[in-house]
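Chains W and U, in that order, are what the protein sequence lines are.
For the first sequence, full-length UniProt numbering assigns the number 1 to the initial residue and increments by one for each residue that follows.
For the second sequence, full-length UniProt numbering assigns the number 1 to the initial residue and increments by one for each residue that follows.
Contents: one structure, followed by commentary.
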Amino acid sequence: MAPKQKTGGNTEKAKEVIQAVVIVESFDEYFQPLSYNIPRCLLPICNVPMLEYTLEFMATSGVQEVYLFCKSHMEKIKEYLKGYIKRKGKVPLISVCNANSSLSVGDVLRDVYRMAQISGHFILCSANVVSNINLMRVYEEHIKRQARDPAQIITLVLMEVSQGHRIESRTENAYYFLHPQTNQILHHHTELKGSKSEDNFPAPLEMFATVKEVEVRSDLLDTCIAICSKDVPQFFEDNFDYQCIRNDFVKGVLHSDIYVETMYAHILQDTSFKEGCYAAGVTGTAAYDIISRDIISRWVYPVCVDSNILPDTDYKQDPESVYKDSGVVLARQCWIEKNIVLGKNTHIEKGSRIRHSVLGDNCVVKSDSIVQGSYLFSNTSVGKGCSVLRSILGFGVQLLDNVKIGRGCMIGDNVILGPNATIPPFTRIAAVKKPEEFEDLDLGTASPSLSQDDNDAKSLTNVPTSVVGVQGRGFLWGSTTNYKDVDGDREDDYDSEESDNMEYFEAQNYCLNYMAVTMKDVDLKEADILDYPPSDDDLESEYSEDASDDVDSGIPINDLAISDAAKQNEDEYMMEAVETLDRAHNNKHEVSTALLELKSLRMAHNASPELQRLALMRWFATKIDWNNLNKSIKALVDKWNPLFEPVTDGDEAQIHMMWVVEQCCANIAADRSDTKSVRMAFQLIVRYLFDAEIISEDAILEWFDEAKDKPDSSGIDVTLINSLQGLIDYLQSSDEESEEDTDSEDEDSE
Amino acid sequence: MQLERSLESNLGNLVAQIKRSRQITEAKDIGREATKLLRLVIKKYKVDNDEGEALSVDEYAEKLVEKIRYVGERLFRAQPTELILINVVNRVIHMIREESKQLQKNKYQDEPGVEVANADVKEIIDDALKEFTYEFEIDDDDDDVDDGSGMAGNFSGASDGSDPYKYIHSNEVIMTCGCSKTVEKFFRRAAKKRPFSVIIPEGAPFYHGHKMAKSLSNHGIEVAVVPDSAVFALMSQVNKVIIGTHTVMANGALVAPSGSQLVASAAKFHSIPVVVCAELYKFSPIFPFYEKSFNILVSPDSILPYKDGDLASHIDVINPYYDYVAPELIDVFVDQTGGHPPSYLYRLLQESYDTKNIISAGNNQ
Numbered sequence: 001m002a003p004k005q006k007t008g009g010n011t012e013k014a015k016e017v018i019q020a021v022v023i024v025e026s027f028d029e030y031f032q033p034l035s036y037n038i039p040r041c042l043l044p045i046c047n048v049p050m051l052e053y054t055l056e057f058m059a060t061s062g063v064q065e066v067y068l069f070c071k072s073h074m075e076k077i078k079e080y081l082k083g084y085i086k087r088k089g090k091v092p093l094i095s096v097c098n099a100n101s102s103l104s105v106g107d108v109l110r111d112v113y114r115m116a117q118i119s120g121h122f123i124l125c126s127a128n129v130v131s132n133i134n135l136m137r138v139y140e141e142h143i144k145r146q147a148r149d150p151a152q153i154i155t156l157v158l159m160e161v162s163q164g165h166r167i168e169s170r171t172e173n174a175y176y177f178l179h180p181q182t183n184q185i186l187h188h189h190t191e192l193k194g195s196k197s198e199d200n201f202p203a204p205l206e207m208f209a210t211v212k213e214v215e216v217r218s219d220l221l222d223t224c225i226a227i228c229s230k231d232v233p234q235f236f237e238d239n240f241d242y243q244c245i246r247n248d249f250v251k252g253v254l255h256s257d258i259y260v261e262t263m264y265a266h267i268l269q270d271t272s273f274k275e276g277c278y279a280a281g282v283t284g285t286a287a288y289d290i291i292s293r294d295i296i297s298r299w300v301y302p303v304c305v306d307s308n309i310l311p312d313t314d315y316k317q318d319p320e321s322v323y324k325d326s327g328v329v330l331a332r333q334c335w336i337e338k339n340i341v342l343g344k345n346t347h348i349e350k351g352s353r354i355r356h357s358v359l360g361d362n363c364v365v366k367s368d369s370i371v372q373g374s375y376l377f378s379n380t381s382v383g384k385g386c387s388v389l390r391s392i393l394g395f396g397v398q399l400l401d402n403v404k405i406g407r408g409c410m411i412g413d414n415v416i417l418g419p420n421a422t423i424p425p426f427t428r429i430a431a432v433k434k435p436e437e438f439e440d441l442d443l444g445t446a447s448p449s450l451s452q453d454d455n456d457a458k459s460l461t462n463v464p465t466s467v468v469g470v471q472g473r474g475f476l477w478g479s480t481t482n483y484k485d486v487d488g489d490r491e492d493d494y495d496s497e498e499s500d501n502m503e504y505f506e507a508q509n510y511c512l513n514y515m516a517v518t519m520k521d522v523d524l525k526e527a528d529i530l531d532y533p534p535s536d537d538d539l540e541s542e543y544s545e546d547a548s549d550d551v552d553s554g555i556p557i558n559d560l561a562i563s564d565a566a567k568q569n570e571d572e573y574m575m576e577a578v579e580t581l582d583r584a585h586n587n588k589h590e591v592s593t594a595l596l597e598l599k600s601l602r603m604a605h606n607a608s609p610e611l612q613r614l615a616l617m618r619w620f621a622t623k624i625d626w627n628n629l630n631k632s633i634k635a636l637v638d639k640w641n642p643l644f645e646p647v648t649d650g651d652e653a654q655i656h657m658m659w660v661v662e663q664c665c666a667n668i669a670a671d672r673s674d675t676k677s678v679r680m681a682f683q684l685i686v687r688y689l690f691d692a693e694i695i696s697e698d699a700i701l702e703w704f705d706e707a708k709d710k711p712d713s714s715g716i717d718v719t720l721i722n723s724l725q726g727l728i729d730y731l732q733s734s735d736e737e738s739e740e741d742t743d744s745e746d747e748d749s750e
Numbered sequence: 001m002q003l004e005r006s007l008e009s010n011l012g013n014l015v016a017q018i019k020r021s022r023q024i025t026e027a028k029d030i031g032r033e034a035t036k037l038l039r040l041v042i043k044k045y046k047v048d049n050d051e052g053e054a055l056s057v058d059e060y061a062e063k064l065v066e067k068i069r070y071v072g073e074r075l076f077r078a079q080p081t082e083l084i085l086i087n088v089v090n091r092v093i094h095m096i097r098e099e100s101k102q103l104q105k106n107k108y109q110d111e112p113g114v115e116v117a118n119a120d121v122k123e124i125i126d127d128a129l130k131e132f133t134y135e136f137e138i139d140d141d142d143d144d145v146d147d148g149s150g151m152a153g154n155f156s157g158a159s160d161g162s163d164p165y166k167y168i169h170s171n172e173v174i175m176t177c178g179c180s181k182t183v184e185k186f187f188r189r190a191a192k193k194r195p196f197s198v199i200i201p202e203g204a205p206f207y208h209g210h211k212m213a214k215s216l217s218n219h220g221i222e223v224a225v226v227p228d229s230a231v232f233a234l235m236s237q238v239n240k241v242i243i244g245t246h247t248v249m250a251n252g253a254l255v256a257p258s259g260s261q262l263v264a265s266a267a268k269f270h271s272i273p274v275v276v277c278a279e280l281y282k283f284s285p286i287f288p289f290y291e292k293s294f295n296i297l298v299s300p301d302s303i304l305p306y307k308d309g310d311l312a313s314h315i316d317v318i319n320p321y322y323d324y325v326a327p328e329l330i331d332v333f334v335d336q337t338g339g340h341p342p343s344y345l346y347r348l349l350q351e352s353y354d355t356k357n358i359i360s361a362g363n364n365q
């Protein structure tokens with residue numbers, strides 16, 4: 001079949017129609033409940049529907065025929081396409097195909113086979129691709145290669161990303177074994193991140209039979225784009241168990257003894273600026289977050305906000321990557337920090353602070369609210385004093401006053417929250433009840449009658465009002481760190497002995513594709529792994545109860561997450577405080593100015609005094625000149641002692657201050673080799689702080705007693721404490737002297 | 001306002017092309033496409049009004065202007081930072097008014113009392129536009145370089161004004177920057193008679209300089225490519241700086257490929273004359289009240305590759321495609337009619353535009 005294909009392809013190449021198969025259905029639920037009412041591909045990224053990006057990408061690349069395979073919400077997609085064709089013309093020709101019976105990408109390709117519309121090589125991609133590459137070049141290379149290697153069956157388009165890149169796959173490590181000259185894929189291996197097999201994995205030696213050198217690359221990201229030969233759908237038809245391209249098809253063909261077909265990788269290179277090299281698929285909300293940020297910071301140029309891909313927008317770019325459409329109203333006193341998109345007629349009222357966020361059309365942010373790292377779809381309103389952290393808010397969501405939304409939340413369309421509600425991180429809330437056994441409802445195509453019923457019974461929320469607020473309206477859909485959602489029936493390629501464990505990792509990693517979820521949030525303890533999977537009852541009880549009540553339920557995810565959010569806030573405060581002080585120091589600001597800045601920072605982050613002390617000390621430690629200890633510390637304390645005053649009011653605070661000083665020095669001692677000078681510094685700091693009357697002698701003495709009584713294991717540096725003995729002795733003697741005059745009680749420390 | 005169906009689709013295509021800006025970025029391409037479209041609008045426009053009543057010539061011209069203005073505003077919206085569109089639309093509007101007036105005047109002198117037919121107006125405007133489109137044509141053919149008989153009105157024809165021999169003398173060392181077709185043509189014509197050498201900074205990160213050097217050396221011109229950092233050091237060796245530009249603002253400032261500012265300021269320091277080659281359509285009636293607003297920020301990838309993620313996700317990288325070159329750094333503009341000092345631009349603009357009624361992209365100033 002291959003030779004025939006080749007001759008056909010060659011002669012017809014000139015007039016060949018370039019076709020693309022776009023898989024619109026995602027076959028997962030990452031965007032639920034946001035994608036409950038509208039298909040996922042029409043959710044906006046930077047206020048433009050995802051599908052628009054993909055279609056634009058096809059159009060600019062010169063694709064002539066596009067086949068969209070849709071499943072859920074087909075009517076809405078068709079309606080949208082009508083509008084698209086009206087404004088962009090009929091090139092490329094778009095046809096919508098029904099893939100209602102499909103359960104996986106493999107099923108779609110079997111549909112493609114049966115449709116028999118594909119005449120030659122075609123482009124296969126999903127409807128969530130955002131890219132600025134010139135696909136035509138990739139396609140031409142594929143065709144050229146076909147002449148050399150008639151057995152070529154697929155070219156995967158891969159993007160180079162360094163390790164630890166924000167867009168890197170969070171769930172798995174993918175290894176490509178490539179022919180160094182031709183980029184032929186000789187072997188492909190994937191494994192879940194954090195799994196035990198991560199350290200080593202087998203590679204077939206057979207590949208060395210044909211090549212002398214093999215390049216193993218782990219820095220390649222799948223872009224969800226591939227150029228397929230005509231035979232690919234046939235393969236799927238023949239192997240009815242193939243479900244996805246990479247894990248089933250690529251591995252299946254490569255590992256098989258029967259198939260001789262070859263595969264190639266096209267690695268996107270940075271060329272001239274006119275041809276970008278960015279391509280990525282929105283595979284989950286985490287990717288959604290990252291791709292939005294990439295669009296805002298113009299990595300995908302010319303696909304950017306001020307290209308105004310939609311006809312009725314007029315985005316203009318201000319400095320610092322702030323994009324504003326027409327009719328945006330900003331109060332005189334509001335903070336619009338960098339990397340922001342503001343849709344048409346959006347109002348920001350006074351005292352509000354927006355950063356790293358996308359706001360849709362007609363959004364309102366009332367006074368003194370904070371929106372950070374979040375995505376607000378159109379017609380959303382945020383009440384007074386709210387805070388929204390790294391979350392996605394659907395169309396028409398209303399936050400009443402004083403609603404705090406923790407990170408990673410997904411709030412579905414038309415939900416009302418508040419007033420005075422606090423939503424724990426990673427919560428999913430929708431205006432309708434979560435359909436039971438959601439998977440069986442064909443994802444978004446939930447039967448309309450069901451949602452109708454819910455509308456009638458809207459008052460009966462199954463969420464305690466303490467979560468959604470007194471006037472709130474919404475149903476809890478569980479948390480994104482909930483393992484229950486994991487697709488259980490996924491084909492398991494791994495060793496059967498490890499499969500239990502694998503399943504766990506799969507579950508854990510599944511959650512990592514959600515926005516703002518970090519490894520910490522899903523990392524369960526050893527005991528929990530044994531219990532996995534948690535029974536449904538457990539989960540039910542966990543989510544039907546108030547967040548504060550679930551301490552007994554075994555998995556205090558919400559608690560953990562809250563503390564984690566707080567920690568993030570702390571880290572942020574710490575960093576900013578140190579930066580502020582640095583700036584003040586380097587630019588020789590007045591102490592009073594620095595004091596004011598610190599104060600406003602403290603307000604913004606609601607930082608505890610403990611934290612302030614820590615930040616202050618941490619900065620202090622960086623400024624010490626280790627070659628000239630005495631002088632530098634004295635100078636620092638002399639100049640900056642007013643900074644310490646507000647945070648060292650009272651004995652308790654001063655004792656804590658001592659702990660902080662000790663801790664800082666211990667940290668430094670851990671880094672530096674000469675512990676002697678650290679001890680010296682510690683003594684000097686305490687002395688000068690004492691001299692400057694920041695720490696009273698009572699506090700020092702009390703702290704010393706406390707410290708001496710602490711066990712060694714508590715992580716304190718005993719040598720440091722002992723080094724203070726001299727000062728303590730001095731203080732005690734002076735203490736005695738002063739106390740001799742006034743009739744004093746006896747000291748037990750002597 | 002309603003447009004005819006075919007026009008609507010033409011306009012839609014052009015708007016889409018402009019928005020997908022990588023398909024058209026060069027000034028002359030945008031200008032040519034926009035002029036083509038406007039010509040089509042005029043061609044399609046009926047001589048009578050909708051009810052079939054005859055219009056006077058002035059009314060007719062004004063109606064036509066209205067239509068052009070409507071099309072123009074939609075074009076501006078597609079790419080508000082693109083000044084060439086503003087230039088072309090305003091120029092065409094000016095042409096319509098001037099030509100119709102001129103025609104009436106001439107007719108009155110020749111045969112007083114006879115009304116001018118609207119069809120004649122249409123024809124004469126079309127002729128004017130046709131001539132205007134020549135401005136955008138720079139032939140790559142070698143043949144027409146030496147004979148002066150080619151098309152008048154652009155740089156490839158050797159009209160007196162843009163005669164390169166006035167500016168380039170034997171054995172001079174010229175520095176240029178970017179990859180301007182206009183400048184290339186200018187050099188090639190000069191090279192027919194005079195030997196000279198050209199220094200080209202490579203123009204990172206876009207490396208237009210490489211392209212320019214290649215095409216110049218293909219035509220036998222002595223070329224040296226130098227790193228951008230060497231511009232200042234080499235400037236003392238240079239006799240003249242000749243650069244191209246994307247547009248010229250009304251105050252005489254340039255929106256030119258990035259790197260131009262560097263070259264122009266170095267030249268200023270060494271008191272080297274800076275000559276800017278620009279066709280008339282590049283002269284814009286818009287003043288730069290906010291100089292950054294006409295720049296294009298392209299993908300930072302060429303400065304900091306995206307794959308180097310750790311850094312890329314923590315810092316903001318800005319990669320402007322153009323430089324704003326202040327008017328005081330420029331000594332003379334050369335267009336197809338001759339050389340002008342920057343201070344003379346206002347006069348030039350008055351000839352090409354109805355400077356009191358400039359339509360522009362709204363609030364981009």
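We treat Cβ as the ideally placed atom computed from N, Cα and C, and that holds for glycine.
Under the Cβ criterion of 8 Å, U/V71 is not counted among the residues facing chain W. Our two residues, W/D674 and W/I668, have alpha carbons roughly 10 Å apart in a direct line. Collapsing the DSSP output to three states places W/L310 in coil.
Assigned with DSSP and collapsed to three states, U/L75 falls in helix. Annotation note: the region 30–117 of chain U contains the following uninterrupted alpha helix (DSSP H) runs of length 4 or greater, listed N- to C-terminal: 57–78, 83–110. In the DSSP assignment, W/P642 falls within the unbroken alpha helix (DSSP H) covering 629–644.
Taking a contact as a CB-CB distance under 8 Å, the pair U/Q237 and U/V183 does not count as one, their CB atoms being some 19 Å apart. Under the Cβ distance rule, U/V89 does not count among the residues neighbouring chain W, no pair being separated by less than 8 Å.
Taking 8 Å as the cut-off, the beta carbon of W/H179 is found closer than this to the beta carbon of W/V211. For U/G12, the uninterrupted alpha helix (DSSP H) segment begins and ends at 5–19. Cβ-Cβ distances below 7 Å link W/M207 to F177, L186, H187, V214 in the same chain, with the five nearest sequence neighbours on each side left out; the list follows chain order. In the DSSP assignment, W/Q64 forms no beta bridge with any residue. Contact of U/S170 with chain W is not assigned, every C-beta pair being separated by 8 Å or more. Annotation: U/S352 to W/Q64 spans about 42 Å, alpha carbon to alpha carbon. At a cut-off of 8 Å between beta-carbon atoms, U/N10 makes no contact with chain W. The criterion of a C-beta distance shorter than 8 Å is satisfied by W/Q243 and W/S104. Along the region 300–320 of chain U, going in chain order, the ones with a CB nearer than 7 Å to a CB of chain W are P300, D301, S302, P305, Y306, K307, D308, G309, D310, S313, D316. Unbroken beta strand (DSSP E) runs of no fewer than 3 residues, entirely contained in the region 205–292 of chain W, are found at 215–217, 220–228, 262–268, 279–281, following chain order. W/H189 is bridged by DSSP to W/Y175. Taking 8 Å as the cut-off, the Cβ atoms of U/F136 and U/T35 count as close. In the three-state reduction of the DSSP assignment, W/L720 falls in the helix class. When DSSP states are grouped into helix, strand and coil, W/Q152 belongs to the strand group.
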